[in-house]
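Peer 1: Mapping the sequence shown onto my numbering, position 110 (from 1) lands on 110, and the numbers just tick up by one.
Just so it is clear, CB atoms sit at the ideal spot from N, CA and C, and this is done for glycine as well.
From a predicted model like this one, the values you see are computed outputs, not experimental measurements.
I have a structure here, written as structure tokens, and I will follow up with some questions on it.
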Amino acid sequence: MRWIVTGAAGMLGTDLVKRLAGDGQQVRALGRSDLDVTDAGAVAREVRDVDVVVNCAAWTAVDDAEAQEAAAFDLNAVAPQLLARAAREAGARMVQISTDYVFDGQADEPYAEDAALAPRSAYGRTKVAGEWAVRAENPDHLVVRTAWLYGAHGGCFPKTMARLAGERPELQVVSDQLGQPTWTADVADLVVRLVDAQVPAGTYHATSSGQVSWHGFTRAIVEALGKDPEMVRETTSHAFVRPAPRPSYSVLGHAALDRAGIKPIGHWAQRWHAAAPAVLG
1 MRWIVTGAAG MLGTDLVKRL AGDGQQVRAL GRSDLDVTDA GAVAREVRDV DVVVNCAAWT
61 AVDDAEAQEA AAFDLNAVAP QLLARAAREA GARMVQISTD YVFDGQADEP YAEDAALAPR
121 SAYGRTKVAG EWAVRAENPD HLVVRTAWLY GAHGGCFPKT MARLAGERPE LQVVSDQLGQ
181 PTWTADVADL VVRLVDAQVP AGTYHATSSG QVSWHGFTRA IVEALGKDPE MVRETTSHAF
241 VRPAPRPSYS VLGHAALDRA GIKPIGHWAQ RWHAAAPAVL G
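This is the structure we're talking about:
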């Protein structure tokens, strides 16, 4: 198959391109310098003679989006619209990577794929708009939501915690935010499996199974470094007030994967054990 991956220099894009190349697929890896995804003409010229377009390009600076929502909208909503339109005109399937921030983060059970969208931040609003645009422009779409991403290529939470653990005798980490730490290599694998299986168009969740707090995840990170996890102390979100509100609950359900006969990503702890050598390097 012939693939285009935008945002190919990012953490997820890099792993997806690596996976596709390893599978012997034809893939064009497009970074920011290769394609301005907000330029309709450039997008139309680039998206030709392909079977799948995967949009990993996004404005991911959550706090900065609060003050620069228009710029975030261009990248998170306008660009997906243009890519989805071009993919439809090329007869290609469109895969849009989205986020848990489309929900309100106040649930007490995993969010279903069709749960009500209620973003509480500029970032979340722009990602919701991107989902709507893709659905409107290209009936042959997959909206793939993920969360709490980490990977070997680029900055991420485990790398930050590893650095701080080497500098400080104690780490204060919030225990009142729950989610599913997810390896970008696993998301890349799931995207490929969804496309290969020709699953029905719709929304799917690409997160690890299980759930944990940032505090619990940091303890696992510290253990992977060979340090005492007791150095990680609990605190609450009130100690880390930021411009954009963080979801208290970012756990996503995987019922759509089950219905499509696609195996979800494994438990977060097992996947972190597999990923840690590559991520912490």
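1. Run through DSSP, which three-state label would glutamate 113 get?
2. Within this structure, are the beta carbons of valine 279 and tyrosine 150 separated by less than 7 Å?
3. Rounded to whole angstroms, what's the CA-CA distance from alanine 40 to alanine 84? Just pull it up for me.
4. Per DSSP, which residues does isoleucine 97 bridge with? Please list them.
5. Mapping the DSSP letters down to three states, classify arginine 48 as helix, strand or coil.
6. Tell me, please, which residues DSSP counts as bridged to alanine 29.
7. From glycine 281 to arginine 19, what distance separates their C-alpha atoms?
8. So, with DSSP's three-state summary, where would you put glycine 105?
9. If you scan the segment 202-252 from start to end, which runs of the alpha helix (DSSP H) of 4 or more residues do you find wholly inside it?
10. Give me, in chain order, the residues of the same chain whose beta-carbon lies closer than 8 Å to that of arginine 88; leave out the 5 immediate sequence neighbours on both sides.
11. Is the beta carbon of glutamine 180 sitting closer than 7 Å to the one on tryptophan 148?
12. So what's tryptophan 59 in DSSP terms, helix, strand or just coil?
13. Check each candidate in Trp268, Thr184, Val212 and name the one with the smallest Cα separation from histidine 153.
14. Per the contact definition of three or more C-beta pairs closer than 8 Å, is the segment 63-71 in contact with the segment 120-127?
15. Using alpha carbons as the reference points, say which of Val232, Arg45, Thr6 lies closest to arginine 28.
16. Cβ atoms of valine 52 and alanine 86: under 7 Å apart, would you say?
17. Between the Cα of alanine 197 and the Cα atoms of Glu113, Phe217, Ala274, Leu257, which residue gives the shortest distance?
18. Should the segment 242-259 be called in touch with the segment 161-172, which here means at least 3 C-beta pairs below 8 Å?
19. Which of the three DSSP states is assigned to histidine 273 in this structure?
20. Closer than 7 Å by C-beta to glycine 31: which residues in its own chain qualify, once you throw out the five before and the five after it? Chain order, please.
21. Straight-line CA distance for proline 169 to tryptophan 214?
22. Would you call proline 243 buried or exposed, if buried means 16 or more other Cβ atoms sit within 10 Å of its Cβ?
23. How would you write the range of the beta strand (DSSP E) that leucine 35 sits in, first residue to last?
Peer 2: This is what the structure holds:
1. coil
2. yes
3. 11 Å
4. Val144
5. coil
6. Val5
7. 19 Å
8. coil
9. 214-224
10. Met94, Glu137, Asn138, Pro139, Asp140
11. yes
12. coil
13. Thr184
14. yes
15. Thr6
16. no
17. Leu257
18. no
19. helix
20. Ala8, Ala9
21. 18 Å
22. exposed
23. Neither: leucine 35 is in no beta strand (DSSP E) and is coded neither H nor E.
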